[in-house]
Each structure stands twice: as C-alpha cells, then as structure tokens.
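Asker: Just passing along the structure, written as structure tokens.
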Ligand SMILES: *Cc1c(COP(=O)(O)O)cnc(C)c1O
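In the numbering used here, the protein residues as written are 1452 to 1698.
Structure (structure tokens):
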C-alpha cells in the first residue's frame, strides 16, 4: 500500500507533538492501528512498517486475521467494538485487549470463556476497558455516564461493573474507553474526553486502585485532543490506511 509508511510516521509525529504540548511522554501513548476492512496483507505491511498494536471492531475479523501474523513477534490484538453475547468466545480466544465492555453480562461470559479455553490458568488474562457514554448520544453504546457526577445511580452502576471486572477470573481492569460524539465541534469533543478522564480519576479513588486507569479515546479526527486530555490509547484507522474499503 503506497504511502502507508509515510502516513504512519506523520501520525507518530502528531502524537509526539500533542503529548509534548500536554507535558506528557509520547511513549506513554499506545497507537492502536485500526485495520478493519483491510486484508491481512495490509496488516503484515503495517507490521513491517513498525506497527505492533492492531485493532478490529468486529471480533470475527480479528479472529480471521490473527493467524496470518502468528509468526510475527510482539503483536497485541485489540478488540475495539462492542460484543454480542454469543461472540464472547471469539474474543476470549483471540483478543489480548478488549476496549468496549458495555454490560456486566459480557464480563461474566468472557470470564467463563477464558476459564474454558485455559487463559485463566495460564495467566494470559484479557485486559478490559469499560466503555462509557459521556456524550449522552443515544446512538453510542457504553455505560450511561453523562451525569455521573450528579447522578448517584449512574456512578454506582459503573463502580459495580468495574468492581466485578477486578474480581472476575481472567479479566483485568485496564481503564475506560469512550467515543466522541459524531460531527461535534472541538470544544464539545474536548469536554467529553475531559469528563472521561475525571470519571476515571473518581473511579480509581472509589476502588482504591494503586495503578491509574488507562484511557482509550481518540480516533483519526480527534486523537490529538484526546492525547491533550489524557488518552493512553488512541485507535486510529483512516489517518494511517486511508479511506476504508467498502464492505
Ligand atoms: C473504526 C474505529 C476506530 C478508528 O476510526 P478512524 O476514524 O478510522 O480512525 C476507532 N475506534 C472504533 C471503536 C472503531 O470502530
């Protein structure tokens, strides 16, 4: 794919600059290259260009591509889309990180599947981000958290889910994931990311976690704002690979 390497370098430079502006270390930010709709050969070329974290929103697609890169060392596969309950075993078998846990039922099923496939026993636990809906957009999935700081019920539901994830065998709590509202102005987007970071801080204190929660937020159109607001994982597709193939 022509130009991928250059676009990748440009994204790395933008990550570096956004981190520097925010007084952060660029190395503290993980770039998840979102390869959805692109064939396994493109992922292989991305690996050769230096990428090591790959994200797919459909877990079937992740399960299909992963075997093509089984001889390439050091890859982490991220399932970034919400899961239907009948597909949890695919994530349990093939994902290293899951960014879109939006219901406790999914956590329980994943834990069960990770016990069944041996990952609980061999220590290859699944790192999980809880998806939070901080924008209030009805089309967004995730735990409803628009009013987490004034609505005790919303806050308690998230706390309970996070607590469960820390207790379920096979799952480790990585942090929170959010999506900015579509077509929103930069100020609104920044507010959503800012409030997500505050929510993570609150949750960390509530659960008395010793490690800070990580933040998966920011895509092609808004990853620099996300980094300025504390993102540790940005999920970027089009800025690296170009406009997606139609599926
Ligand atoms: C597709 C997708 C991305 C990447 O989107 P781009 O706009 O191509 O950067 C990030 N996160 C999720 C959940 C996605 O489905």
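We put the CB at the ideal spot given by N, CA and C, even for glycine.
For the stretch 1581 to 1598 against the stretch 1607 to 1622, are there 3 or more C-beta pairs whose distance is under 8 Å?
Answerer: At 8 Å Cβ cutoff, the stretches touch.
Asker: Considering only heavy atoms of ligand 1, list every residue whose Cβ is less than 5 Å from one of them, following chain order.
Answerer: My final list is 1485, 1508, 1531, 1670, 1671, 1686, 1687, 1688 and 1689.
Asker: Determine the burial state of residue 1667: buried for a count of at least 16 other Cβ atoms within 10 Å of its Cβ, exposed for fewer.
Answerer: As a position in the chain shown, residue 1667 is number 216, starting the count at 1. The residue is buried, with at least 16 neighbouring Cβ atoms inside 10 Å.
Asker: Roughly how many angstroms lie between the CA atoms of residue 1496 and residue 1689, to the nearest whole one?
Answerer: Here the question's residue 1496 lines up with position 45 in the chain shown. Here the question's residue 1689 lines up with position 238 in the chain shown. Their backbone Cα atoms lie some 15 Å apart in a straight line.
Asker: By the three-class DSSP mapping on this structure, what secondary structure does residue 1626 have?
Answerer: Here the question's residue 1626 lines up with position 175 in the chain shown. Looking at residue 1626 - three-state DSSP - the assignment turns out to be strand.
Asker: Helix, strand or coil for residue 1576, going by three-state DSSP, please let me know.
Answerer: By one-based count along the chain shown, residue 1576 stands at place 125. Coil, per DSSP.
Asker: Determine which residues share a DSSP beta bridge with residue 1595 and list them.
Answerer: Taking the first residue of the chain shown as position 1, residue 1595 is located at position 144. Per DSSP, 1584.
Asker: Do residue 1658 and residue 1627 have their beta-carbon atoms positioned less than 8 Å apart in this structure?
Answerer: Reading the chain shown from its first residue, position 176 is the one you call residue 1627. Reading the chain shown from its first residue, position 207 is the one you call residue 1658. Result no, Cβ atoms of residue 1627 and residue 1658 do not sit closer than 8 Å.
Asker: Distance, Cα to Cα, residue 1579 vs residue 1457?
Answerer: As a first step, residue 1579 is located in the chain shown; it is residue number 128 there, counting from the start. As a first step, residue 1457 is located in the chain shown; it is residue number 6 there, counting from the start. C-alpha separation (whole angstroms): 31 Å.
Asker: Go ahead and label residue 1535 buried or exposed: buried means 16 or more other beta carbons lie within 10 angstroms of its beta carbon, across all protein chains shown.
Answerer: Counting from one through the chain shown, the residue named residue 1535 turns up at place 84. With fewer than 16 other Cβ atoms within 10 Å, it is exposed.
Asker: Do residue 1576 and residue 1621 have their CB atoms nearer than 8 Å?
Answerer: Reading the chain shown from its first residue, position 125 is the one you call residue 1576. Reading the chain shown from its first residue, position 170 is the one you call residue 1621. Against a cut-off of 8 Å, the Cβ pair of residue 1621 and residue 1576 comes out as a contact.
Asker: Shortest alpha-carbon distance to residue 1479 belongs to which of 1624, 1612, 1683 and 1687?
Answerer: For the purposes of this step, residue 1479 is taken as the residue at position 28 of the chain shown. Of 1624, 1612, 1683 and 1687, the residue nearest in Cα terms is 1683.
Asker: Using the Cα positions of residue 1618 and residue 1568, report the straight-line distance between them to the nearest angstrom.
Answerer: Taking the first residue of the chain shown as position 1, residue 1618 is located at position 167. Taking the first residue of the chain shown as position 1, residue 1568 is located at position 117. Between residue 1618 and residue 1568, the C-alpha separation is close to 19 Å.
Asker: Note down, in chain order, each residue of its chain lying with its Cβ closer than 6 Å to the Cβ of residue 1643, except the 5 sequence neighbours on either side.
Answerer: Sequence index remark: in the chain shown, residue 1643 carries index 192 (1-based). Same-chain partners within the cutoff: 1585, 1586 and 1631.
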